[in-house]
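Following: one structure in structure tokens, then a few remarks.
There are 2 protein chains.
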Amino acid sequence: MKPIVAAAPEARRRIPSLDSASDPFSFVTDELQLVEENLLRAIRSREQTLTDIAGHLICGGGKRVRPMVTLLAFLAFGGKRTQDIVDIATAIELIHTATLLHDDIIDRADTRRGKESAYRKFGLKNTLVAGDFLFIKAFEFAGKFDETVVEWTADACALLTEGETLQGYFNRNRAVTVDDYVEIAKRKTASLFETGAKVGAYLAGANSASVEETHRYGLNMGIAFQMVDDILDVVGQIELLGKPTGMDLRDGNPSLPIILALKAEQTAVCEAFQTAQPTEALVTAALNAIKSGPIIQEAKSISRGYAEEALKSIRKFPPSLYRNGLKTLVQLIIDRDF
Amino acid sequence: MKPIVAAAPEARRRIPSLDSASDPFSFVTDELQLVEENLLRAIRSREQTLTDIAGHLICGGGKRVRPMVTLLAFLAFGGKRTQDIVDIATAIELIHTATLLHDDIIDRADTRRGKESAYRKFGLKNTLVAGDFLFIKAFEFAGKFDETVVEWTADACALLTEGETLQGYFNRNRAVTVDDYVEIAKRKTASLFETGAKVGAYLAGANSASVEETHRYGLNMGIAFQMVDDILDVVGQIELLGKPTGMDLRDGNPSLPIILALKAEQTAVCEAFQTAQPTEALVTAALNAIKSGPIIQEAKSISRGYAEEALKSIRKFPPSLYRNGLKTLVQLIIDRDF
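Protein chains in written order, with the working numbering: chain G, 139 to 476; chain V, 139 to 476.
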């Protein structure tokens, strides 16, 4: 995916030509710029430390996929009042960032997006509080909306925390199945995508069947997104990922390739996954075992299944360039290498 | 303060007789019962672990002072729609509980309210996520209200996090002054009191001058509340406090008595406060030094000054039994021994 290009804030939204129809970013350049401005405003605090920590991540190269899904769903259903959707897209990105800060504490992560993690740089206490700060700012943006939007957003967040807890339950736990995994991915990753998409359609005034369909779109593309993330943790390149591969094995997180390898009884993977603080040699052996067999192809095929489901939902949306954008986005997510 | 007595949920609110006018709890028994029911509903999660952790603290003997202030301020200004104020009082208690869970992680606390802390019992990860879960639930309750209430509540939370950060800056830092301390107490403790009181008056339909006055009431009583907390950390009884005394010295937190002792150059206090992990002998020596001099009297006198300010605000409220309740509450806070 290409980086977000800043547009003059006062610029009117350009309707992209058909030539650029393959680039979903170009459809919402101006709105994403407004999201960026909102984010920068949101992280301003009386305490410079909080601004610094939040800025470390907010300004650290996030792909803004969740705001983009939200904006595109809104526009695909004919939404007009851009400011509304920009605010909720901001809230969703703030929630995502808050969970990243807290995840780094939980995983004791050294790096995030190619830089030292906030947890390493600023310590547990400040990072924890900065995560809370971002949650609060998110709800300041989301709280302006009607009860339905507030409830959906809060539900998505509750699901996130529940997904985190469920994942913890299956940490280094060989009993984990693909079904368990999908349940975790639904809660932990898909929840913000499905909520963003659904809120987008709802605020655009779509009928309830369409809102339900955007929900399904977000759900399936979110699951696919997590699966690709997991695959990249095995086969990705460190320079593109911004972090080493094999993190799921080191942390004992049940990723899709790991679960498939456990099912195939790959000895090195079973051992690395179940060992607290596995050696680097063990992690490398496990990664090689996964890469040498059919596991990655199998995982890719499963993720494509979810992507296909997302595309099926899109076909039910009214035809528009924004619908095309949502479609291309699914393709980009499936094909991404970072 | 006496424990909350459960009332039948369907019971109509009783107007207390003048005989019970000295007990602010009796004025809002039914509403506090509704808050309790809300709290129990709020902590229900698909993940039992989250419910367990939240319940560990929610059902663990909180005094519900913040909801009480909110309810009394509402009733003192003639508020009628009780369900509204019960929901925001619930939100405020949930926010308070979320910060307690996160504080226990930050302080690596062993105990809280006389029991093992959630952090010790359930570990860092689950406790962190449970704190997030409660923040989210709080905003589900608060998000139903108009933009003003949402903004005030979010501001209070932002202040809380900023107070935590500022306190961290002065951790074991001898440069801290009483003014710094008051700034921390304003943000960390008074913010939820002042917001609860202000929202109460606002939702009751009070005019802006009255809303401002309830804000001042909450601010000053909140600062007094924190000061008494600090004093009890020196002179309190472990059985009543539910935790050992001297925690501020152990954690390097700049409490009011510590700051006054630093100013008076009490050697043992200077040493204990500035030492990471001071020995128990050093902590005991420092506590004895504080207790033997005029420090506690001085701290009590400062806290009474803030309580007096809170009482001045109350005098401007329209006369009612609820106003009496708010007044008594200040007295109870100043006189409390736990």
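Built from N, CA and C at the ideal position, the CB exists for glycine as well.
From the beta-carbon of Gly334 (chain G), no residue of chain V is found nearer than 7 Å; the closest lies around 16 Å away.
DSSP places Glu185 (chain V) in the coil class of the three-state scheme, outside both helix and strand. Within the same chain, Gly384, Leu387, Ala399, Gln404, Ala406, Val407, Glu409, Ala410, Phe411 and Pro416 come within 8 Å of Ala424 (chain G) by CB-CB distance, once the 5 residues on both sides are set aside. Per DSSP, the continuous alpha helix (DSSP H) segment holding Pro205 (chain G) begins and ends at Val203 to Ala214. Shown here is that no member of the segment 381 to 395 of chain V has a Cβ falling below 8 Å from a Cβ of chain G. Within the same chain, Ala214 and Arg461 come within 6 Å of Phe455 (chain V) by CB-CB distance, once the 5 residues on both sides are set aside.
Its Cα nearest to that of Leu357 (chain G), the residue G:Leu330 stands out among G:Asp317, G:Leu330 and G:Gly380. Only residues of its own chain outside the window of five on either side were considered, and among them Thr383, Pro395, Leu425, Ile428, Lys429 and Ile434 have a CB closer than 7 Å to the CB of Val372 (chain G), listed in chain order. When C-alpha distances from Ala236 (chain G) are compared across V:Glu289, V:Asp270, V:Ala294 and V:Ser393, the shortest belongs to V:Asp270. Note that the C-beta distance between Gly338 (chain G) and Leu172 (chain G) is not below 8 Å. When the beta-carbon positions are compared, Arg204 (chain G) and His240 (chain G) stay at least 8 Å from each other. Shown here, Lys218 (chain G) sits in coil according to DSSP, grouped into three states, outside any helix or strand. When Cβ pairs closer than 8 Å are counted between the two stretches, the segment 310 to 326 of chain G is seen not to touch the segment 173 to 192 of chain G, the count staying below three. Sequence-distant Cβ neighbours of Tyr444 (chain V) in its own chain, meaning closer than 8 Å and more than five residues away, are Asn358, Met359, Ile361, Ala362 and Met365. For Ser183 (chain V), the residues of chain G that pass the 9 Å Cβ criterion are Ala296, Thr299, Glu300 and Thr303, in the order they occur in the chain. Between the segment 262 to 279 of chain G and the segment 224 to 232 of chain G, the count of Cβ pairs shorter than 8 Å is three or higher; the stretches touch.
At a cut-off of 8 Å between C-beta atoms, Thr265 (chain V) does not count as an interface residue with respect to chain G.
The Cβ of Ile243 (chain V) sits closer than 8 Å to at least one Cβ of chain G. Within the segment 442 to 476 of chain V, no residue has a Cβ lying closer than 8 Å to any Cβ of chain G. Note that the C-beta distance between Leu341 (chain G) and Asp222 (chain G) is below 8 Å. A Cβ-Cβ contact shorter than 8 Å links Gly306 (chain V) with Asn264 (chain G). At a cut-off of 8 Å between C-beta atoms, Val316 (chain G) does not count as an interface residue with respect to chain V. When DSSP assignments are scanned along the segment 232 to 257 of chain V, no uninterrupted stretch of alpha helix (DSSP H) that is 4 or more residues long falls wholly within it.
Taken in chain order, the complete alpha helix (DSSP H) segments of 4 residues or longer contained in the segment 317 to 387 of chain V are 329 to 341, 346 to 373 and 376 to 379.
About 6 Å separates the beta carbons of Val166 (chain V) and Met206 (chain V), which is inside the 8 Å limit, making them a contact pair. A residue is called buried once 16 or more other Cβ atoms fall within 10 Å of its Cβ, and Leu378 (chain V), having fewer, is exposed.
Between Gly281 (chain V) and Ala292 (chain G) the beta-carbon gap is near 7 Å, inside 8 Å, which marks them as a contact. Contact of Val288 (chain G) with chain V is assigned, a C-beta pair being separated by under 8 Å. Per DSSP, the continuous alpha helix (DSSP H) segment holding Gln305 (chain G) begins and ends at Glu285 to Tyr307. Residues of the same chain with a CB within less than 6 Å of the CB of Ser183 (chain G), apart from the 5 flanking positions on each side, are Thr189 in chain order. Contact check for Arg251 (chain V) against Gly380 (chain V) passes: the beta carbons are separated by less than 8 Å.
Not a single C-beta of chain V is nearer than 8 Å to the C-beta of Gly193 (chain G). Using beta-carbon distances, Lys282 (chain G) counts as an interface residue toward chain V, with a partner under 8 Å. Of the candidates G:Gly431, G:Val349, G:Pro392 and G:Asp248, G:Pro392 places its Cα closest to the Cα of Thr413 (chain G).
At a Cβ-Cβ threshold of 8 Å, Gly374 (chain V) and Ala402 (chain V) do not count as neighbours.
If you look at Arg312 (chain G), you'll find it isn't in any alpha helix (DSSP H); DSSP assigns it neither H nor E.
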